[in-house]
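The block underneath contains the structure these notes are about, expressed in structure tokens.
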Amino acid sequence: DGCYFGDVACILHTRRTAGVRAKVSTVLFSVSDDKLNEVLSEHPHMTRYMQLIAQKRKVRLAFLDPANELSQLSPDQIADEEDAGTKYFCRVENIRKKEEM
């Protein structure tokens, strides 16, 4: 539903951090690093937003590394603004709220 992936590697100039598998028929669009940067250079507000999302995703991925030094993720670090709108993260958030009761 309008989600994107591959941003961490493109924006932070790192190795790819995730893979994706679709459960339903899906239409995907591919954008090269150069083209993404070209578009973002014309929209600095989107550049800042996507950098923020990429940083949050990188922190979340670092937490999953068994060698990490992070003790626990804060609720703000569990899902970024893009992920929070997906069905998966909404379901996880509902489970977490029930556990807090």
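In this text, residue positions in the sequence shown follow the working numbering: the first is 13, and each later residue adds one.
In this text, a Cβ means the ideal position worked out from N, Cα and C, and glycines have one as well.
When the options are compared against residue i, the one with the closest alpha-carbon
i: Leu85; options: Glu94, Cys22, Asp95, Lys68; result: Lys68
i: Arg33; options: Ser83, Arg60, Lys70, Tyr16; result: Tyr16
i: Arg27; options: Glu112, Lys70, Asp92; result: Lys70
Burial state of residue i (16 or more Cβ within 10 Å)
i: Glu94; result: buried
Whether residue i touches residue j by CB criterion (7 Å)
i: Asp46; j: Cys22; result: no
i: Asp19; j: Met62; result: yes
i: Leu40; j: Ala66; result: no
i: Thr29; j: Leu73; result: yes
On the three-pair Cβ rule with 8 Å, is the segment 72 to 82 touching the segment 40 to 53? No, the segment 72 to 82 is not in contact with the segment 40 to 53.
Output the residue ranges of the alpha helix (DSSP H) runs that lie fully inside the segment 44 to 89 and measure 4 residues or longer, sorted by chain position. Listed in chain order, the complete alpha helix (DSSP H) runs (minimum 4 residues) inside the segment 44 to 89 are 45 to 53, 56 to 76.
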